[in-house]
Structures are given as C-alpha cells and as structure tokens.
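Colleague: Take the sequence shown: its position 434, counting from 1, is numbered 698 in the numbering used here, and each next residue is one higher. Ideal Cβ placement from N, Cα and C applies to all residues, glycine included. Following this message is one structure expressed as structure tokens.
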Amino acid sequence: PWAADYIEISGNTGNLNIGFDGSDTGQFKAAVIKRGPDVDTSVEFLYLNDRQTGNLIIQNYGAGSTYENIVLVPMVLHNNDFNKLSYVYSASFDDLKVAIFPNPTFENELHIIVRTDRAFASEPRLQMTYEGEQGYLVMVPVNDSTYITNYRVDKSGEGTIVANGTNSDGVILSNQIKFSAVYYPPNSQGLLTASFVTLDVPAGSLRHGGTVVVAETENVVSYRELTRLSRNVDVTLPVEKAEAAIGIDLPLLGSYACDSAKIGFYRTTSSGARWLGPASTADGRAHGQLEVSGSVFVAADEVAPTISTTAETERGGWLRLKISDFGSGLNHDSIKASYGKTSLPTKVSAGEVWIHAASATDGEKEILVVASDNAGNVAQANVRGLVVGATSLSQISTYPNPARSYSKIRASFAGPAAATAEASVKIYDVSGHKVTEMPLANLGTGDYELRWDLTNSKGKLVANGVYYAEVKASLSGVSTKERRKIAVLR
265 PWAADYIEIS
275 GNTGNLNIGF
285 DGSDTGQFKA
295 AVIKRGPDVD
305 TSVEFLYLND
315 RQTGNLIIQN
325 YGAGSTYENI
335 VLVPMVLHNN
345 DFNKLSYVYS
355 ASFDDLKVAI
365 FPNPTFENEL
375 HIIVRTDRAF
385 ASEPRLQMTY
395 EGEQGYLVMV
405 PVNDSTYITN
415 YRVDKSGEGT
425 IVANGTNSDG
435 VILSNQIKFS
445 AVYYPPNSQG
455 LLTASFVTLD
465 VPAGSLRHGG
475 TVVVAETENV
485 VSYRELTRLS
495 RNVDVTLPVE
505 KAEAAIGIDL
515 PLLGSYACDS
525 AKIGFYRTTS
535 SGARWLGPAS
545 TADGRAHGQL
555 EVSGSVFVAA
565 DEVAPTISTT
575 AETERGGWLR
585 LKISDFGSGL
595 NHDSIKASYG
605 KTSLPTKVSA
615 GEVWIHAASA
625 TDGEKEILVV
635 ASDNAGNVAQ
645 ANVRGLVVGA
655 TSLSQISTYP
665 NPARSYSKIR
675 ASFAGPAAAT
685 AEASVKIYDV
695 SGHKVTEMPL
705 ANLGTGDYEL
715 RWDLTNSKGK
725 LVANGVYYAE
735 VKASLSGVST
745 KERRKIAVLR
C-alpha cells in the first residue's frame, strides 16, 4: 500500500541526492516522481539494500532546470515493528565519491581515491575488507577535498570498501563499494565472476596483460529520458582500449515493464550518460559488450528524439536544424530528409543537422525529416525552412583596374531566381570612410552592374589611391557581402 504522506522537494538548483533509510525490521519501497515543464512526468524507484537504505541522485534539478520539483513517496511493503512509523528527511545532502583502479605505476597495487565536492573537515576513514582480511587504510591528501591511498594485492579476489567522512559544513558522508580484482597475463582469457558482474575476457583483448578491477557503488544517478535497470559497475581495464570486445553481464534490479529492444548499456560521463551498445536480457540479467574503462549501467530508453519544426537558412541551399535526444543519443546514420519524393543529403556538424535542399527551388519549403536514437525510437516531423541556394552569388568583378576615368562593378548570380536579386555597392577609402553608395542595375540575365565615375557622394572626383568596393547582394531575405579593391590612377 502507498504511504499516507508524501514529501515534495523543491528549491535550489544543481544535482539533488535523495536518501532513504527504512526500519531494518521491515521492507520498503521508495518512489520518486520527477516533474518538469519540458518533460513528461516519470517515476523512478530508489533501490534499497538489505538494510532498507538507498539513494538516488537527480541531475539538472531546480527552478529553470529539467526537473523543477521532486515528490518522494515511501511505501511500506512489510513491517515487523508495531511502533508508529515516521519519515525523517533533510534538505542537505552531499556526494562522497570512491574509486578503485590498478595503480598506474606498480602492477600489484590498487589505487583508491576518495573525493567530495566540498572540503573535508578531517581525514576520511577508509575500511578495507579483502579476501577475509580487514583493516583501515591511511589516506594521503591531494587537496582538502581529495584523498588517495594504495593497497597491495598478492592474489585475485573480492572485497569491500566502506568510506566515511565529514565535510566542512558538518554533513556526514558515507559510501560503500564492492569490488573484485583479477590479474590477466598478456593475451590470456577467462571469466571475471563477481557477485555483481561477470566479464568475459577473450584471448588477445588485453595484449599487455594487467589487473582488471570491477566495483559496484551504492550511489545511483538518475538521467533524463532513461529508466535505470541496474546499478553502476565501474570497470577498469589495464589498457586504453581492448583489442577485442569484452563481454559484460549485469544483474537487473527487479522487474521492468518496458520493451526489451529499448534496453542498452550506458557509460557515465561528466556530461551525462553515453550509449555503449544494445543489451540482450535473459533470466534477470543483461548481456552486452565494452572495449574501454568506465562506469557502466543498464537502462531503457523509450523516448523518441525531438525534431525542431523550424530550420535556419544557410547559404548554398543548406538548412540547419536541431534534433535533440537526452537518452541513448541520436543515431546519425538514421537521419533522413526528403522533399516530396526527392531524398536530400544530410550531415551532422557541431551537434546540429544540416540538410542540403539545393535541389528544391528557392523559397519556403516543408521538408520531411526522420531520425531515430540509438535505442531505436523513431521520430519524424515536417520542418519548414527558407531555401536559398539553388540561386547563388557566383562572381563579383571590377574593371578596368586600375581605373582612370571610370570603373564598372558587376555582380553575377547563377540559378533559376538569378534575375530577382538586389545588389548595391558602398565605396570606402583606405581609412574606412564611406565615399559613396549606389545600387547596381539589373541587366535581366542574373547580372547586375554599375558604372562608377570615380566621384564621391558630393559629385567631386576622388583622389588617386586604393578604394574598396563592398558589394551587398540580397536574395530571398538572405544577404551576403564581399569586397573588391579598386585602384584609381589618373
């Protein structure tokens, strides 16, 4: 049953870390309802461990961000404690980050980093349990918010790290990760099997060998347009990129009500989640491949890309528009554009889609654009844009040069609408002062011409020297400017 009360959280901006701690004698669920003006309302669950505790980090939270407010709904599934239940929450959360990976210098050592966004009030405590051996590690400060240490391993095995600390604001921080470390000789193969992940390392994938480290953290991050289906697993390889793809198998957390074809593997980056590849699912586990180190998780993306319905006009018959996808990311090879029955070339540059519509006549056109994301969600839209490029400015010339008694300035257009352009010229001296300004006459064949008699705007002859003719040409609302030198020598 749903709890009688809910907690609405709003205010501040940035990343919000929501924590939940239920009675150890009961069984709980905690749902988070995410709402925002530009996104569909979605529900995500906090994954609780056997102590009924868990957390979820909401990115892009706060006024003006993706999610303007969050509703936390606790649910009691079973309770052996007959005392009245109460839910305690705080507006202050902080994130304690713990990372473990092979020491880049010493082959048989693990490198451990503990970090927080704010300064630590004192040295964090790090408890290590590895293959039955337990103890505390001495941390060395890199700065007031980052500490490091090393741990020597003499054999492959599995362990746990529990980190605790307090930041300068007095907020108590904690994090716990499970990890496994396995040494692979050069070009060897084998399975790395931990309670939270399985890696299938094929022969030759690790050419130089080394220690592979996998770790599972308790902190979970929520990403826009993605439904998380597993925890994050940090995979650290001893090479920058594996020579052959390494198989990865992750357990899924609970049941999921989504299209299995939309499930994939993702890697966490500083700018959000990045698609790694599709996942196949069976018996509550997801199977995929990876080639590089990273923090990996499984999620479903069932939200199609968003296509802008208005395109910006560019020279040469190009239209520029925005197609956004915050989940699995846009599949560039899937982008198709057509005008009527004619397919139009496309390209992606600087995060924007360019459509070459020069085969259409000049004017405002409606282009059909189809695109899909990496998870296979398809979107299409009729995009309106002003096509200018079937007709274009092809040449500007000045003659004779040097000019003794006059100079002819000619602009030539090519294309079906060449005779509908407008052209004018401004003459400047070398100091940048405008000497005169005149329109070019339309000769009716795409050519526009002016005969300058070498006088200024007051009708007086200009002095000998170098002048600049700046020709401005306009066609279908798009203007272009080009300059040519004219030498006056009488």
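Which residue comes first and which comes last in the beta strand (DSSP E) that contains Ala733?
Modeller: 729-739
Colleague: Give me the Cβ distance between Thr744 and Arg579, rounded to the nearest whole Å; I'm assuming they're in contact under 8 Å.
Modeller: 7 Å
Colleague: Please work out which residues of its chain come closer than 6 Å, Cβ to Cβ, to Asn638, disregarding the five sequence neighbours upstream and downstream, and give them in chain order.
Modeller: Trp539, Ser592, Gly593, Asn595
Colleague: Can you give the beta carbon distance from Gly536 to Pro502, rounded, assuming they're within the 8 Å contact cut?
Modeller: That belief does not hold up - the Cβ atoms of Gly536 and Pro502 are roughly 27 Å apart, past 8 Å.
Colleague: Under DSSP, the beta strand (DSSP E) around Ile271 begins and ends at which residues?
Modeller: 271-274
Colleague: Using the Cα positions of Ser602 and Ala682, report the straight-line distance between them to the nearest angstrom.
Modeller: 25 Å
Colleague: Which term fits Pro301, buried or exposed, when burial requires 16 or more other beta carbons within 10 angstroms of its beta carbon?
Modeller: exposed
Colleague: In the structure shown, what three-state DSSP assignment does Gly710 receive?
Modeller: It is coil, neither helix nor strand.
Colleague: CB Thr532 to CB Ala643, shorter than 8 Å?
Modeller: no
Colleague: From Gly511 to Pro450, what distance separates their C-alpha atoms?
Modeller: 18 Å
Colleague: Should Ser658 go down as buried or exposed, given a rule of 16 or more other Cβ atoms within 10 Å for buried?
Modeller: exposed
Colleague: Cα separation between Ala563 and Ile376?
Modeller: 27 Å
Colleague: Where does Asp637 sit, in a helix, a strand or coil, going by DSSP?
Modeller: The three-state secondary structure of Asp637, taken from DSSP, is strand.
Colleague: If you count every other CB in all the chains shown that lies within 10 Å of the CB of Gly548, and 16 or more means buried, which is it?
Modeller: exposed
Colleague: Pull up the CB-CB distance for Val617 and Leu585, whole angstroms please, since I reckon it's below 8 Å.
Modeller: 5 Å
Colleague: Between Lys600 and the rest of its own chain, which residues show a CB-CB distance below 6 Å, the 5 nearest in sequence each way excluded?
Modeller: Val634
Colleague: My understanding is that Arg379 touches Ser409, with C-beta atoms under 8 Å, so please give their C-beta distance in whole angstroms.
Modeller: 6 Å
Colleague: Can you check whether the CB of Thr545 is closer than 8 Å to the CB of Ile527?
Modeller: yes
Colleague: For the segment 428-436 and the segment 386-401, state whether three or more C-beta atom pairs, one from each stretch, are separated by less than 8 Å.
Modeller: yes
Colleague: Given a cut-off of 8 Å, decide if Thr330 and Val303 are closer than it, judged by their beta-carbon atoms.
Modeller: yes
Colleague: So, helix, strand or coil for Gly468, using DSSP?
Modeller: coil
Colleague: Given this structure, state the Cα-to-Cα distance separating Arg748 from Ile631, to the nearest angstrom.
Modeller: The straight-line gap from Cα to Cα measures roughly 37 Å.
Colleague: Would you kindly work out how many angstroms separate the C-alpha atoms of Arg492 and Ala479, rounded to a whole number?
Modeller: 18 Å
Colleague: Given this structure, state the Cα-to-Cα distance separating Ala355 from Glu332, to the nearest angstrom.
Modeller: Low confidence applies here, because Ala355 scores a pLDDT of 37, under 50, leaving its location unreliable and the question unanswered by this model.
Colleague: Can we say the segment 452-470 touches the segment 283-294, given the rule of at least three CB pairs closer than 8 Å?
Modeller: no
Colleague: DSSP state of Ser386, grouped into three classes?
Modeller: DSSP, read as helix, strand or coil, puts Ser386 in coil.
Colleague: What's the C-alpha gap between Val726 and Asn720?
Modeller: Spanning the alpha carbons of Val726 and Asn720 requires a straight line of approximately 6 Å.
Colleague: Buried or exposed for Ser469, going by 16 or more other Cβ atoms inside 10 Å?
Modeller: buried
Colleague: Got a sec? Which residues, its chain only, sit under 6 Å from Asp589 by beta carbon, not counting five neighbours each side?
Modeller: Excluding residues within five positions, the ones whose Cβ falls inside 6 Å are Pro569, Asp637.
Colleague: Are the beta-carbon atoms belonging to Ala445 and Val477 less than 8 Å from one another?
Modeller: yes
Colleague: Check the DSSP bridge columns for Glu480 and list the partner residues they point to.
Modeller: Checking the DSSP bridge columns, you'll see Glu480 partnered with Lys442, Val497.
Colleague: Taking Cβ positions, are Leu583 and Ala543 nearer each other than 8 Å?
Modeller: no
Colleague: For Arg416, which three-state DSSP category applies?
Modeller: strand
Colleague: Taking the straight line between their C-alpha atoms, what separation do you get for Val485 and Ile282?
Modeller: 10 Å
Colleague: What's the gap between the Cα of Lys442 and the Cα of Ser572?
Modeller: A straight-line Cα-Cα distance of about 44 Å links Lys442 and Ser572.
Colleague: Please report the residue range of the beta strand (DSSP E) in which Asn230 lies.
Modeller: Nothing can be reported for residue 230, as the shown portion of the chain is limited to 265 through 754.
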